[in-house]
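Under the working numbering, read the sequence shown as residues 849 to 1169, first letter to last.
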Amino acid sequence: MNLFKAKLSEFGLDFKKRPIEILQVNMGKLCNLTCVHCHVESGPTKTKENMSRETAQKVANFLRSARIPTLDLTGGAPELNPSFRYLVMEAHRAGMNVMDRCNLTVFYEPGMEDLPEFLKANQVEIVASLPCYTLANVDKQRGAGTFAKSIEALQRLNELGYGKKETGLVLHLVYNPLGPVLPAPQSQLEKDYKKRLKEDFGIIFNHLYTITNMPITRYAKYLRAFGQYEAYVELLINSFNPATVKGLMCLNTLSVGYDGRIYDCDFNQMLGLEIQPDRPRFIWDLHPHDLQGQEILTGPHCFGCTAGAGSSCQGALAGHS
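Rendered as structure tokens:
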């Protein structure tokens, strides 16, 4: 029995694909970090599961023909893929809004020295991970030295004009809890982040997104190792908020894997839940209208996006129920 689908029926909620407004492309699992909460299970050793130039070119062809407003690049660390800059430039030329889900520390990897300037030149919107504004919490979750590099990277972005309203260079930060709990209210956390980062480091940014940790793949293994998995899943189920459903990212987003396969969302992608079998399976076989009105594949993990204030790639979705 699909418990999430049953919950939607209980509230009479429709859950079908709307017109695609965001193409979220996962460039692969290669990353310079190995974060505990990572649902992609990315890391420095994941060198094989990464997008080829041939696939990137097919994605670019789709972008030009489909006229989708936003390209959302994620990973892994998407910037480590050799085709990252190619896709950014192609989308920028096509007049799309381009988003880069950046871990900030990637700026200090070999060959990435000019990455901030490249992002600025192409007006890329940066959505940067910073799970806390204190050194201890960030380094515990992401590895020793991560916080210091992240702060230095944010200061560099500010120097380039990111986070300043008058420049149009958008810099958002992402918070996720350290443990198996729901995020605190997004508006209050944003105030706390802005106050602490400004006072302690002179850093400014546009908005903070709160994202709930998803109990799948690596994070599920971590929770089980500490005997916390069942309690956390129960918390998510019991915290279901019907007001979040209308804003879920899977409704207007199409997720593309490193091999060109398509999914309703990045979480489904990591669980291998492809688009319905009677639909095209690869981005190069698809027309955006093919998916409109299609039922979205769901599972127990979907409670992670609908708990409390909700969680999407753009942060909280509603007030706490």
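For glycine and all other residues, C-beta sits at the position ideal for the given N, C-alpha and C.
Legend entry - Residues near residue 1158 by beta carbon distance below 7 Å, same chain, minus five either side: Locating residue 1158 in the sequence shown gives position 310, counting from the first residue. Same-chain partners within the cutoff: 1089, 1092, 1095, 1164, 1165 and 1166.
Inset, instruction - Please check if any C-beta of chain D sits within less than 7 Å of the C-beta of residue 962. - result: Considering every chain present, this structure includes no chain D. It has just one protein chain.
Legend entry - Within the segment 865-905, ranges of the beta strand (DSSP E) (whole runs, at least 3 residues): Counting only runs of 3 or more, we get 870-874.
Legend entry - Alpha-carbon spacing of residue 1248 relative to residue 880, whole angstroms: This structure leaves residue 1248 out entirely; the chain is present only between 849 and 1169.
Legend entry - Close beta carbons around residue 938, own chain, < 8 Å, minus the five adjacent residues each side: Residue 938 sits at position 90 when you count from the first residue of the sequence shown. Closer than 8 Å at the Cβ level, and outside the excluded window around residue 938, lie 908, 911 and 912.
Inset, instruction - Could you tell me which of 999, 1127 and 1144 sits nearest to residue 1049, measuring between CA atoms? - result: As a first step, residue 1049 is located in the sequence shown; it is residue number 201 there, counting from the start. Ranking the options by Cα distance to residue 1049, first place goes to 999.
Legend entry - Option nearest residue 850 by Cα separation, candidates 865, 944, 1146 and 936: By 1-based counting over the sequence shown, the position of residue 850 is 2. Out of 865, 944, 1146 and 936, 1146 has the C-alpha closest to the C-alpha of residue 850.
Legend entry - Outcome for residue 1137 when other beta-carbon atoms lying within 10 angstroms are tallied against a minimum of 16: Here residue 1137 refers to the residue found at position 289 when the sequence shown is read from its first residue. The residue in question, residue 1137, is exposed, as its Cβ has fewer than 16 Cβ neighbours within 10 Å.
Inset, instruction - Within its chain, find whatever has a CB closer than 6 Å to the CB of residue 1002; leave out the 5 residues flanking it on each side and keep chain order. - result: Within the sequence shown, the letter at position 154 stands for residue 1002. Taken in chain order, the residues that qualify are 1051.
Inset, instruction - Have a look at the DSSP bridge pairing and note the partners of residue 1137. - result: The residue you call residue 1137 lines up with position 289 of the sequence shown. None; residue 1137 has no bridge partner.
Legend entry - Where the alpha helix (DSSP H) through residue 940 begins and ends: Here residue 940 is taken as the residue at index 92 of the sequence shown, counted from 1. Where residue 940 is concerned, the enclosing alpha helix (DSSP H) stretches over 932-941.
Legend entry - Three or more C-beta pairs below 8 Å linking the segment 1016-1033 and the segment 957-966: These segments do not touch.
Legend entry - Whole-angstrom distance between residue 1118 and residue 1139, CA atom to CA atom: The residue labelled residue 1139 in the question sits at position 291 within the sequence shown. The residue labelled residue 1118 in the question sits at position 270 within the sequence shown. Whole-angstrom Cα-Cα distance: 20 Å.
Legend entry - Continuous beta strand (DSSP E) assignments of at least 3 residues falling wholly in the segment 960-1022: 973-977
Legend entry - For residue 1131, the three-state DSSP class (helix, strand or coil): As a first step, residue 1131 must be located in the sequence shown, where it is residue number 283. Reduced to three states, the DSSP call for residue 1131 is helix.
Inset, instruction - Would you tell me roughly how many angstroms separate the C-alpha atoms of residue 852 and residue 1054, rounded to the nearest one? - result: Within the sequence shown, the letter at position 4 stands for residue 852. Within the sequence shown, the letter at position 206 stands for residue 1054. When rounded, the separation of the alpha-carbon atoms in residue 852 and residue 1054 is 34 Å.
Legend entry - Local conformation of residue 1077 per DSSP, three classes: Working through the sequence shown from its first residue, we reach residue 1077 at position 229. DSSP places residue 1077 in the helix class (H, G or I) of the three-state scheme.
Legend entry - Beta-carbon proximity list for residue 1132, same chain, < 8 Å, skipping 5 on both sides: Sequence index remark: in the sequence shown, residue 1132 carries index 284 (1-based). Hits under 8 Å: 906, 909, 910 and 1108.
Inset, instruction - Please name the residue, chosen from 1112, 1155, 1073 and 1018, that lies closest to residue 1086 on a Cα-to-Cα basis. - result: The count along the sequence shown starts at 1 and reaches residue 1086 at position 238. When only C-alpha atoms are compared, the closest one is 1155.
Inset, instruction - Quick one: grab the DSSP three-state call for residue 1157. - result: The count along the sequence shown starts at 1 and reaches residue 1157 at position 309. In the three-state scheme derived from DSSP, where H, G and I count as helix and E and B as strand, residue 1157 is classed as coil.
Inset, instruction - List the residues that DSSP assigns as beta-bridge partners of residue 950. - result: Here residue 950 is taken as the residue at index 102 of the sequence shown, counted from 1. Residue 950 pairs with 976.
Inset, instruction - State the Cα-Cα distance for the pair residue 900 and residue 859, rounded to the nearest angstrom. - result: Indexing the sequence shown from 1 puts residue 900 at position 52. Indexing the sequence shown from 1 puts residue 859 at position 11. Roughly 43 Å separates the two Cα atoms.
Inset, instruction - On the DSSP bridge assignment, give the partners of residue 1103 in chain order. - result: Against the sequence shown, residue 1103 aligns to sequence position 255. Answer is 872 and 1111, bridged to residue 1103.
Legend entry - Nearest to residue 997 (by Cα), restricted to the options 890, 950, 914 and 930: Translated into positions along the sequence shown, residue 997 becomes position 149. The shortest C-alpha separation from residue 997 is found at 950.
Inset, instruction - Evaluate contact between the segment 926-944 and the segment 980-997, counting only Cβ atoms and requiring at least three cross-stretch pairs below 8 Å. - result: Verdict: no, contact absent.
Legend entry - Close-in-space but distant-in-sequence residues of the same chain around residue 1169 (CB under 6 Å, 5 per side omitted): As a working note, residue 1169 is residue 321 in the sequence shown. With a pLDDT of 37 at residue 1169, under the threshold of 50, the predicted position of this residue should be treated as unreliable, and no value is reported.
Legend entry - residue 1028 and residue 1080 closer than 7 Å at C-beta: Walking along the sequence shown from the start, residue 1028 turns up at place 180. Walking along the sequence shown from the start, residue 1080 turns up at place 232. The answer is yes: Cβ separation under 7 Å.
Inset, instruction - Please determine, among 1110, 1126, 1127 and 902, the residue with the shortest C-alpha to C-alpha distance to residue 871. - result: Taking the first residue of the sequence shown as 1, we reach residue 871 at position 23. Ranking 1110, 1126, 1127 and 902 by Cα distance to residue 871 puts 1110 first.
Inset, instruction - Name the residue from 1148, 892, 953 and 955 whose alpha carbon lies nearest to the alpha carbon of residue 1078. - result: Looking up residue 1078 in the sequence shown gives position 230. Per the Cα distances, 1148.
Legend entry - Per DSSP, the bridge partner or partners of residue 945: By 1-based counting over the sequence shown, the position of residue 945 is 97. DSSP, once it has assigned bridges, lists 918 as partnering residue 945.
Legend entry - Pick from 980, 1084, 1031 and 991 that is closest to residue 823, judged by C-alpha positions: The shown model of the chain, from 849 to 1169, leaves out residue 823, and the question about it has no answer.
Legend entry - Cβ neighbour criterion (16 or more within 10 Å) applied to residue 973: As a working note, residue 973 is residue 125 in the sequence shown. Flag for residue 973 reads buried.
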